[in-house]
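Chains as they are written, first to last, in this note's numbering: chain S, 1 to 378; chain X, 379 to 756. Yeah, the Cβ is synthetic: ideal placement off N, Cα and C, and Gly gets one too. Right, one structure below, let's go through it.
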């Protein structure tokens, strides 16, 4: 049963994605108990909206939780990184795509689609290819050739769409229904369910006080929140951690509406940030997320590009190379003033290799082999 | 205790890397039993040459073993992919680097180094940064700026060395000893031990008939071989699988010497292949590997660039995007004529994102938003 998290209306059609009121539908809460199993799908079998077809799995999830060696100590926190860059297409999107593709096959679709230029596009292309489904990837006119390479390699059909990117999201859902293409966009209900695994895996290892979540469409945040809420409703954890949505100052429609006490987000005009992966100016889960933040007393923090790049550098000192958007959580950490010793988890959403062309070329020294001793000694 | 796998001489100095006869030293066989544990280090605790310092770990290992959905069926095989691209720096190197860095810290070194331009450079840079060690990465004059970006991001000192790249390997060991820099090169004894985890994890899931291993320096092959041999000596498996070293035709010094019945490899002049990550013309573990291949009746197969690129495409249909070198195993599969139903594991060594700039730009269609229905229908 699907339910609108904003107006509460319920729907029986599992293929439906949005409520009549315009908001994203989601599955009602699942309750259950954990089992012994090799992967998160098996261990939390009670909590998925559809039976995971493990034959389609690429081994997504069960990512490492890495303890900070330096930054945590400097800030007086017990700090952990949830390294989602170790997923099959090197971002968290794979968890949601796996369930979305499982659903598409069960519903009998022959084609799937998504509206994305980055992580989600590659993820949907990969899983569709594996499942033997056609993939239609809709990207904005300005998408760089380089980004699309990591998508077209899986054999997906890539369409550059000229026109308003925000409208494209809703058009894709409308046309998908008519043409028999199942769109697994950023807040597809099955996609959101897949992200719950991040909450489940964290809870298996520790009792966090605070989770930092880079936030664009709002889908990842909603998934992690639903995961923790289901654990609590199932009696598996005692308290919910504080969830913090982190946006880039240059594109922070959710934080702005939250701060201004508005019930609805408004389009963020002229978005500009290095954190492209969280630069959605009109996030489709924005209003649902605002409601969550207020209901649970959670936070929204906007950080500057300078802070994001500094956090990216700090993460590299811990041995973790992430795309700028993934460093936003750490950038927010310094603004939060958490109590000493707080247990904090920052979600590292995607690999730094995804944005390598934007990375600076580091300094290199030149050295003739004959002078190597001198060069190394320096 | 270290031992030369070629001449048999033994050494007590654990910091030593090569035998007086010039061949790479390795640890004697470990025996033990498996335990319950979250990661491969804990589960195979008896088998490591040094106590793993899990505080330094980035979550390397425990990578997914993915069953083929298409290619295996077409070839009449039970085919699996060991996805090493899901490691912290997106290649198998991290398993060896973790143990190497653990050893460097225990030995009291303040600096580590490596000779590499690709996966190993990024891996050593990342773990050194995490451990608070200086990293000296020696690369050839011709290394591309793009490749070095993924290394310098971790704060390593990168030195372009003008001169013979083969000699650089041995010079680095000699100078490292003198200058107090611990070089974790391709066949460092601790590095080889780290790769055993691949064998252990495969054996936990199935009893393979054949393992396909892209082979450059020979270090990965030696590690996987040692892992299976130790499992057999410990009574944990009954038979060794057939191991197949796979090289690119354009740089196949080991396969050539093997075929010609020689005891020593010879430098492969003018190497040329798309599979850069396995293009070592004078592999430092070459002779040790030749001995292994003959002792156990294993195989060496050289494949063409065309076959490698075709295999890379076939892997993308399974949802796996790898660098060309990583597709070599699958390319070799068609030449092997294995018995119907054989259980085969191909090692996918590194992520396709590492060689993205060489990937072809796929076809994209252009479409105005107003005509989207027509574009999608096509």
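Three-way DSSP call (helix, strand, coil) for residue 469 of chain X in this model: strand
With a threshold of 8 Å, are at least 3 pairs of Cβ atoms found where one atom belongs to the stretch 359-374 of chain S and the other to the stretch 535-542 of chain X? yes
Got a sec: is the Cβ-Cβ distance from residue 83 of chain S to anything in chain X below 8 Å? yes
Can you check which of these residues, S:109, S:81, S:157 and S:133, is closest to residue 117 of chain S by C-alpha distance? S:157
Hey, would you say residue 547 of chain X sits closer than 8 Å to residue 662 of chain X, going by beta carbons? Taking 8 Å as the Cβ cut-off, residue 547 of chain X and residue 662 of chain X qualify as a contacting pair.
Would you please verify whether the beta carbon of residue 704 of chain X is less than 8 Å from any beta carbon of chain S? Answer no: the Cβ-Cβ gap between residue 704 of chain X and chain S never drops below 8 Å.
Should residue 188 of chain S and residue 100 of chain S be called a contact, given that it needs their Cβ atoms to be closer than 8 Å? In this structure, residue 100 of chain S lies closer than 8 Å to residue 188 of chain S by Cβ.
Cβ-based contacts, 9 Å cut-off: residues of the stretch 350-370 of chain S near chain X: Within the stretch 350-370 of chain S, those residues whose Cβ lies closer than 9 Å to any Cβ of chain X are, in chain order, 351, 352, 353, 354, 356, 357, 359, 360, 361, 362, 363, 364, 365, 366, 367, 368, 369 and 370.
Cut-off 8 Å between Cβ atoms - residues of its own chain near residue 647 of chain X, not counting five sequence neighbours on either side: 659
Excluding five sequence neighbours on each side, which residues of the same chain lie with their C-beta closer than 7 Å to the C-beta of residue 695 of chain X? Shown here for residue 695 of chain X: same chain residues with a beta carbon closer than 7 Å to its own, the five before and five after excluded, namely 448 in chain order.
Nearest chain X C-beta to residue 44 of chain S closer than 8 Å, yes or no? no
Mapping DSSP to helix, strand and coil, what is residue 493 of chain X? strand
Proximity test, Cβ basis, 8 Å: residue 610 of chain X and chain S: no
If you measure from the beta carbon of residue 699 of chain X to each beta carbon in chain S, is any gap under 8 Å? yes
Quick one: what's got a C-beta closer than 6 Å to residue 129 of chain S's C-beta in the same chain, skipping five residues either side? 154 and 155
Select from S:353, S:302, S:184 and S:243 the residue whose C-alpha is nearest the C-alpha of residue 344 of chain S. S:243
With distance defined between alpha-carbon atoms, name the residue in S:14, S:196 and S:233 nearest to residue 108 of chain S. S:14
Give me, in chain order, the residues of the same chain whose beta-carbon lies closer than 8 Å to that of residue 33 of chain S; leave out the 5 immediate sequence neighbours on both sides. 46, 234 and 236
From residue 406 of chain X to residue 383 of chain X, what does the alpha carbon distance come to, in whole angstroms? 9 Å
As a quick exercise: from S:50, S:324, S:175 and S:94, pick the residue whose alpha carbon is nearest that of residue 63 of chain S. S:94
Residue 376 of chain S and residue 514 of chain X look like a contact to me (Cβ under 8 Å); what is the Cβ gap, rounded to whole Å? 6 Å
Give me the chain X residues within the contact set of residue 317 of chain S, using Cβ-Cβ distance strictly less than 7 Å, ordered along the chain. 507 and 533
Closer than 8 Å to chain S by CB, residue 513 of chain X: no
With respect to the alpha helix (DSSP H) encompassing residue 169 of chain S, which residues constitute its N-terminal and C-terminal limits? 165-179
Can you tell me where the beta strand (DSSP E) holding residue 583 of chain X begins and where it ends? Segment 567-583 is the alpha helix (DSSP H) holding residue 583 of chain X; no beta strand (DSSP E) there.
Give me the Cα-Cα distance between residue 213 of chain S and residue 149 of chain S, rounded to the nearest whole angstrom. 27 Å
Spatial neighbours of residue 221 of chain S in its chain, beta-carbon cut-off 8 Å, leaving aside the 5 residues before and after: 213, 215, 243, 245, 285, 289 and 292
What number of angstroms, rounded off, separates the C-alpha of residue 580 of chain X from the C-alpha of residue 459 of chain X? 10 Å
Delimiting residues of the beta strand (DSSP E) encompassing residue 592 of chain X: 588-592
How about residue 452 of chain X: is its C-beta nearer than 8 Å to some C-beta of chain S? no
For the stretch 288-369 of chain S, which segments carrying the alpha helix (DSSP H) assignment without a break, of at least 4 residues, lie completely within its bounds, in sequence order? 305-317 and 328-336
Residue burial classification, residue 469 of chain X (beta-carbon count within 10 angstroms, cutoff 16): buried
Please tell me whether residue 447 of chain X has its Cβ less than 8 Å away from any Cβ of chain S. yes
Out of curiosity, what's the CA-to-CA distance linking residue 727 of chain X and residue 78 of chain S? 33 Å
Going along the chain, which residues of the stretch 611-645 of chain X sit with their C-beta nearer than 8 Å to a C-beta in chain S? None of the residues of the stretch 611-645 of chain X has a beta carbon lying less than 8 Å from any beta carbon of chain S.
Would you mind telling me which residues of chain X sit closer than 7 Å to residue 175 of chain S, beta carbon to beta carbon, in chain order? 750, 751 and 754
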